[in-house]
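All remarks here apply to the structure that follows.
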Amino acid sequence: MKGNRSLIKWCALLCALLLPGLTACSAPGHGMPEVTRGSTSTPEPEAVPELKGAVDNARLRNKTVKNYTVHASPVLENFYNLYNMEVERCDDPEYPYRMWIFGESTGDRANPDTGYDSIFHGRGRDIDHWEMWCGEQNGIDIWDTTMDPALWQPVLRRADKNYDSVHNGDPSVVYKDGRFYMAFSSVGFDERDGRTYIINNIMGAVSDDGIHWTKSEAPLLIWDREYIEGWEAGTPCPPSTGGYHRPSLMWDNAENKWKLWFDYYLPGTFLSMGYAVNNGDFMQSSHWQVIHAEETPQLKDWPNPEVCRIGDKYYAFSDAPGYGVSRGGAQNDRQLVIAVSDNGWDWRVLGRFLPESKEWGTHLPQTFIDTAQGGETKLYLFYSMTDQENLPRYVKANYLVIDAAELLKLEGE
Numbered sequence: 000m001k002g003n004r005s006l007i008k009w010c011a012l013l014c015a016l017l018l019p020g021l022t023a024c025s026a027p028g029h030g031m032p033e034v035t036r037g038s039t040s041t042p043e044p045e046a047v048p049e050l051k052g053a054v055d056n057a058r059l060r061n062k063t064v065k066n067y068t069v070h071a072s073p074v075l076e077n078f079y080n081l082y083n084m085e086v087e088r089c090d091d092p093e094y095p096y097r098m099w100i101f102g103e104s105t106g107d108r109a110n111p112d113t114g115y116d117s118i119f120h121g122r123g124r125d126i127d128h129w130e131m132w133c134g135e136q137n138g139i140d141i142w143d144t145t146m147d148p149a150l151w152q153p154v155l156r157r158a159d160k161n162y163d164s165v166h167n168g169d170p171s172v173v174y175k176d177g178r179f180y181m182a183f184s185s186v187g188f189d190e191r192d193g194r195t196y197i198i199n200n201i202m203g204a205v206s207d208d209g210i211h212w213t214k215s216e217a218p219l220l221i222w223d224r225e226y227i228e229g230w231e232a233g234t235p236c237p238p239s240t241g242g243y244h245r246p247s248l249m250w251d252n253a254e255n256k257w258k259l260w261f262d263y264y265l266p267g268t269f270l271s272m273g274y275a276v277n278n279g280d281f282m283q284s285s286h287w288q289v290i291h292a293e294e295t296p297q298l299k300d301w302p303n304p305e306v307c308r309i310g311d312k313y314y315a316f317s318d319a320p321g322y323g324v325s326r327g328g329a330q331n332d333r334q335l336v337i338a339v340s341d342n343g344w345d346w347r348v349l350g351r352f353l354p355e356s357k358e359w360g361t362h363l364p365q366t367f368i369d370t371a372q373g374g375e376t377k378l379y380l381f382y383s384m385t386d387q388e389n390l391p392r393y394v395k396a397n398y399l400v401i402d403a404a405e406l407l408k409l410e411g412e
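Mapping to numbering that gives the first Met the number 0: the sequence shown position 2 is 1, numbers consecutive.
If you want it as structure tokens, here you go:
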């Protein structure tokens with residue numbers, strides 16, 4: 000899960016536990032899920048690079064980035080609570096832009112998905128106008144062009160596994176060789192010794208059209224002690240590290256492998272950023288190797304990580320904490336922060352973005368890289384918006400755009 004809600008959202012989830020009809024605690028599949036093993040052999044483990052230590056301090060986090068443009072008005076709104084707007088380009092000549100966003104489209108108690116997070120899907124001829132998927136009729140996909148969230152239907156929702164029974168969210172999507180690959184956060188409840196525990200993990204899914212998905216048979220990443228030292232429901236935080244969540248997925252063509260950044264709980268920090276790789280089959284959990292986590296985070300206090308690559312530079316974004324209410328309310332206690340790396344694990348913080356007026360908190364950064372405009376590379380940073388009235392719900396989504404050349408200049412400032 001993401002956003003301005005580490006404790007608040009969990010409280011909402013625990014309330015959902017009490018809703019009539021919730022069967023998460025009695026769901027089949029009790030205990031640690033088996034590692035998914037395919038027909039291909041497990042790749043040899045990679046050597047773990049030693050971290051040099053991030054260049055990160057309060058002064059850097061408070062430097063304000065300039066020379067970017069904010070889209071004039073939100074590109075998605077009218078919904079109850081949706082966020083983490085993930086955009087990817089595909090080969091469809093009519094609708095080349097695809098988008099995924101998660102949460103609750105409406106607050107209608109008659110909706111069976113109310114109280115749970117699900118993933119929704121949109122398509123666009125450009126990145127400013129979206130048609131949202133509303134299900135099928137006689138085998139034909141139905142799309143909403145009127146921004147009526149009551150019509151929208153999830154493309155991914157909770158299942159009957161105790162690690163996947165409450166929440167599907169934080170979609171991170173890569174379009175590769177005509178297929179969509181998604182890493183997403185999953186949450187469930189596990190009953191042990193008469194107590195209920197929250198199970199956090201990262202799952203995978205594949206799709207040929209971005210609508211119909213096949214989930215991985217087990218989590219791609221789950222802390223190896225998630226079922227031993229897990230987070231007991233009703234307590235404010237986990238007892239130790241773990242809780243892998245909020246993935247940022249990348250396919251590295253040069254190195255021919257999957258890379259994935261995520262956040263996790265580490266005592267003494269808000270949420271820290273970890274890193275994993277896969278040199279084999281994306282859907283095989285045994286092919287994933289955690290490189291940095293536990294006591295060796297790449298960046299501390301770096302929730303909701305989003306990582307992209309432009310040329311030979313990696314850029315990481317977060318809605319980092321620590322800003323208090325000086326800008327005008329609790330919705331601004333977390334702000335959009337950027338860091339850069341030459342290798343994907345040693346990071347230097349560059350500054351923060353303040354794209355909206357102080358009325359709005361801007362969280363959950365998601366990137367889209369565009370090289371189609373005259374050969375110039377631009378980075379689009381989508382973000383979700385909340386205000387004091389709606390906190391902690393996210394009620395709008397927008398983006399800013401910055402030239403890649405401007406990103407390079409940030410290192411020299």
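Quick reminder that beta carbons are idealized off the backbone N, C-alpha and C, glycines included. Fair warning: this is a prediction, and the values are worked out from it, not measured in the lab.
Residue 334: buried (16+ other C-beta within 10 angstroms of its C-beta) or exposed? Position 335 of the sequence shown, counted from the start, is the residue given in the question as residue 334. With 16 or more other CB atoms across the displayed protein chains lying within 10 angstroms of its CB, residue 334 is buried.
Roughly how far, in whole angstroms, is the beta-carbon of residue 256 from the beta-carbon of residue 278, given that I think they are within contact range, below 8 Å? As a working note, residue 256 is residue 257 in the sequence shown. As a working note, residue 278 is residue 279 in the sequence shown. The Cβ separation is near 5 Å, so the contact holds.
Alpha carbon to alpha carbon, how far is residue 319 from residue 301? On the sequence shown, position 320 is the one that residue 319 refers to. On the sequence shown, position 302 is the one that residue 301 refers to. Going by C-alpha positions, residue 319 is about 5 Å away from residue 301.
If we ignore side chains and look at the alpha-carbon of each, how far apart do residue 315 and residue 305 end up? Your numbering for residue 315 matches position 316 in the sequence shown. Your numbering for residue 305 matches position 306 in the sequence shown. Looking at the two C-alpha atoms, the distance is approximately 6 Å.
Leaving out the 5 sequence neighbours to the left and right, which residues in its chain are closer than 7 Å to residue 88 when beta-carbon positions are compared? As a first step, residue 88 is located in the sequence shown; it is residue number 89 there, counting from the start. If we look at residue 88 and ignore the five residues flanking it on each side, its Cβ neighbours are 95, 96, 174.
With distance defined between alpha-carbon atoms, name the residue in 283, 286, 317, 273 nearest to residue 296. Counting from 1 along the sequence shown, the entry for residue 296 is found at position 297. Put simply, of 283, 286, 317, 273 the residue whose alpha carbon is nearest the alpha carbon of residue 296 is 273.
Is the beta carbon of residue 351 less than 8 Å from the beta carbon of residue 61? Mapped onto the sequence shown, residue 351 falls at position 352. Mapped onto the sequence shown, residue 61 falls at position 62. A contact, by the Cβ cut-off of 8 Å.
Just verifying my parser: in three-state terms, what is the DSSP assignment at residue 397? Here residue 397 refers to the residue found at position 398 when the sequence shown is read from its first residue. Looking at residue 397 - three-state DSSP - the assignment turns out to be strand.
For the putative contact between residue 357 and residue 327, defined by C-beta atoms under 8 Å, what is the C-beta separation to the nearest angstrom? For the purposes of this step, residue 357 is taken as the residue at position 358 of the sequence shown. For the purposes of this step, residue 327 is taken as the residue at position 328 of the sequence shown. That pair is a contact at about 4 Å.
Going by DSSP in three states, residue 252 sits in which element: helix, strand or coil? Position 253 of the sequence shown, counting from 1, holds the residue named residue 252. Residue 252 carries a coil assignment under DSSP once its states are collapsed to helix, strand and coil.
Can you tell which of 283, 342, 43 has the C-alpha that lies nearest to the C-alpha of residue 216? As a position in the sequence shown, residue 216 is number 217, starting the count at 1. Ranking 283, 342, 43 by CA distance to the CA of residue 216 puts 283 first.
Buried or exposed: which applies to residue 27, given that a residue is buried once 16 or more other Cβ atoms fall within 10 Å of its Cβ? On the sequence shown, position 28 is the one that residue 27 refers to. With a pLDDT of only 35 at residue 27, under the threshold of 50, the placement of this residue in the model should not be trusted; the figure read from the coordinates follows. A residue is called buried once 16 or more other Cβ atoms fall within 10 Å of its Cβ, and residue 27, having fewer, is exposed.
Could you check whether residue 229 and residue 281 sit closer than 8 Å to each other, using their CB atoms as the reference points? The residue labelled residue 281 in the question sits at position 282 within the sequence shown. The residue labelled residue 229 in the question sits at position 230 within the sequence shown. At the C-beta level, residue 281 and residue 229 stay beyond 8 Å of one another.
Do you know offhand how far residue 164's Cα is from residue 186's? One-based indexing of the sequence shown puts residue 164 at position 165. One-based indexing of the sequence shown puts residue 186 at position 187. Taken atom to atom, the span from the alpha-carbon of residue 164 to that of residue 186 is near 6 Å.
Please list the segments of the beta strand (DSSP E) lying wholly inside the segment 301-375, counting only runs of 3 or more residues, in order along the chain. List check, beta strand (DSSP E) in window: 305-309, 312-319, 334-340, 346-352, 359-372.
Spell out a yes or no on whether the segment 40-52 and the segment 60-78 are touching, meaning 3 or more CB-CB pairs, one atom from each, closer than 8 Å. Touching, no.
Name the DSSP beta bridge partners of residue 204, please? Here residue 204 refers to the residue found at position 205 of the sequence shown. Paired residue(s): 181, 214.
CB residue 101 to CB residue 168, shorter than 8 Å? By one-based count along the sequence shown, residue 101 stands at place 102. By one-based count along the sequence shown, residue 168 stands at place 169. Yes, Cβ-Cβ distance for residue 101 and residue 168 is below 8 Å.
What separation, rounded to the nearest whole angstrom, lies between the Cα atoms of residue 385 and residue 394? Sequence index remark: in the sequence shown, residue 385 carries index 386 (1-based). Sequence index remark: in the sequence shown, residue 394 carries index 395 (1-based). Cα to Cα, residue 385 sits roughly 6 Å from residue 394.
Can you list, in chain order, the residues of its chain with a C-beta nearer than 8 Å to that of residue 207? Leave out the 5 residues immediately preceding and following it. What you label residue 207 is simply residue 208 of the sequence shown in a count that begins at 1. Excluding positions up to five away in sequence, the list reads 177, 178, 179.
Between the alpha carbons of residue 379 and residue 285, how many angstroms are there, rounded? Counted from its first residue, the sequence shown places residue 379 at position 380. Counted from its first residue, the sequence shown places residue 285 at position 286. Distance between the alpha carbons of residue 379 and residue 285 is about 34 Å.
Mark residue 412 as exposed unless 16 or more other C-beta atoms lie within 10 angstroms of its C-beta, in which case mark it buried. Counted from its first residue, the sequence shown places residue 412 at position 413. By the C-beta density criterion, residue 412 is exposed, having fewer than 16 other C-beta atoms within 10 angstroms.
Closest to residue 437 by C-alpha separation, out of 58, 402, 67, 247, would be which residue? Nothing can be reported for residue 437, as the shown portion of the chain is limited to 0 through 412.
Between which two residues does the beta strand (DSSP E) carrying residue 135 extend? On the sequence shown, position 136 is the one that residue 135 refers to. From DSSP, the beta strand (DSSP E) with residue 135 extends over 130-136.
I'd like the list of long-range same chain contacts for residue 45, defined as Cβ closer than 8 Å, with 5 residues on each side in sequence excluded. Locating residue 45 in the sequence shown gives position 46, counting from the first residue. For residue 45, where only same-chain residues beyond five positions count, the Cβ hits under 8 Å are 276, 278, 288, 290.
Locate the beta strand (DSSP E) running through residue 87, then write down its first and last residues. Residue mapping note: residue 87 aligns to position 88 of the sequence shown, counting from 1. Its beta strand (DSSP E) spans residues 80-88.
Alpha-carbon to alpha-carbon, residue 69 and residue 112: Position 113 of the sequence shown, counted from the start, is the residue given in the question as residue 112. Position 70 of the sequence shown, counted from the start, is the residue given in the question as residue 69. Approximately 33 Å, taken between the alpha carbons.
Which of the three DSSP states, helix, strand or coil, is assigned to residue 299? By 1-based counting over the sequence shown, the position of residue 299 is 300. Residue state, collapsed to three classes: coil.
What's the C-alpha gap between residue 399 and residue 360? Along the sequence shown, one-based indexing puts residue 399 at 400. Along the sequence shown, one-based indexing puts residue 360 at 361. Near 14 Å, if we compare the C-alpha coordinates of residue 360 and residue 399.
Which value, in whole angstroms, describes the spacing of the CA atoms of residue 374 and residue 368? Within the sequence shown, the letter at position 375 stands for residue 374. Within the sequence shown, the letter at position 369 stands for residue 368. Cα-Cα distance, rounded: 12 Å.
Residue environment, residue 324, which counts as buried when at least 16 other CB atoms sit within 10 Å: Position 325 of the sequence shown holds residue 324. Classification for residue 324: exposed.
Can you have a look at residue 63 and say buried or exposed, based on whether 16 or more other CB atoms are within 10 angstroms of its CB? Position 64 of the sequence shown, counted from the start, is the residue given in the question as residue 63. Here residue 63 is exposed: its Cβ has fewer than 16 other Cβ atoms, across all protein chains shown, within 10 Å.
Per-residue burial, residue 331 [other beta carbons within 10 Å of its own, 16 or more giving buried]: Taking the first residue of the sequence shown as position 1, residue 331 is located at position 332. By the 10 Å Cβ count, residue 331 comes out buried.
Between the CA atoms of residue 92 and residue 83 - distance to the nearest angstrom: Sequence index remark: in the sequence shown, residue 83 carries index 84 (1-based). Sequence index remark: in the sequence shown, residue 92 carries index 93 (1-based). Those two C-alpha atoms are separated by around 25 Å.
Are the Cβ atoms of residue 200 and residue 221 separated by less than 8 Å? Residue 200 sits at position 201 when you count from the first residue of the sequence shown. Residue 221 sits at position 222 when you count from the first residue of the sequence shown. It is a contact, given that the beta carbons lie within the stated cut-off.
If you run the structure through DSSP and keep just helix, strand and coil, what is residue 270? In the sequence shown, counting from the first residue as 1, residue 270 sits at position 271. DSSP, read as helix, strand or coil, puts residue 270 in coil.
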